[in-house]
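A short write-up of the structure that comes next.
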Amino acid sequence: MLIPFYIFSHEKSFPEYNNNGQKLMELKAEYQKILQRLDELEQQRKSQGISQNQRETALRMLKRGKMTIEEIAEDTGLSIIEAE
């Protein structure tokens, strides 16, 4: 959310970046790190979302009372301890 403001903080230095290849490479590397970190955070959120979905599915299955813990764990991809 604050990334545009971070870009604006560099705006006054754009002429310097255009004239200095080393400075431009450092700026690009900095933004590559930011992009990499954002990608990592996105992947973590996806894994957490999947895990939450698995837990909710297991809970619904448990409430129905038609399956064993072992079957629920197998069907949801959770461990037996997580399903319990």
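The numbering used here applies: residue 42 is where the sequence shown begins, and numbers increase by one.
Where is the CB? At the ideal position from N, CA and C, for every residue including glycine.
Comparing C-alpha distances from isoleucine 44 to each of Ile75, Gly62 and Asn60 shows the shortest one belongs to Ile75. Rounded to whole angstroms, the gap between the alpha carbons of glutamine 95 and tyrosine 47 is 37 Å. Taking the CA atoms as reference points, leucine 103 sits about 12 Å from glutamate 123.
Listed in chain order, the non-local C-beta contacts of glycine 106 below 7 Å within the same chain number zero, local neighbours out to five positions each way being set aside.
Residue state for serine 54 is assigned as coil, using DSSP reduced to three classes.
DSSP places glycine 62 within a helical segment (H, G or I) once states are collapsed to three. Note on geometry: alpha-carbon atoms of arginine 86 and glutamate 111 lie some 27 Å from one another.
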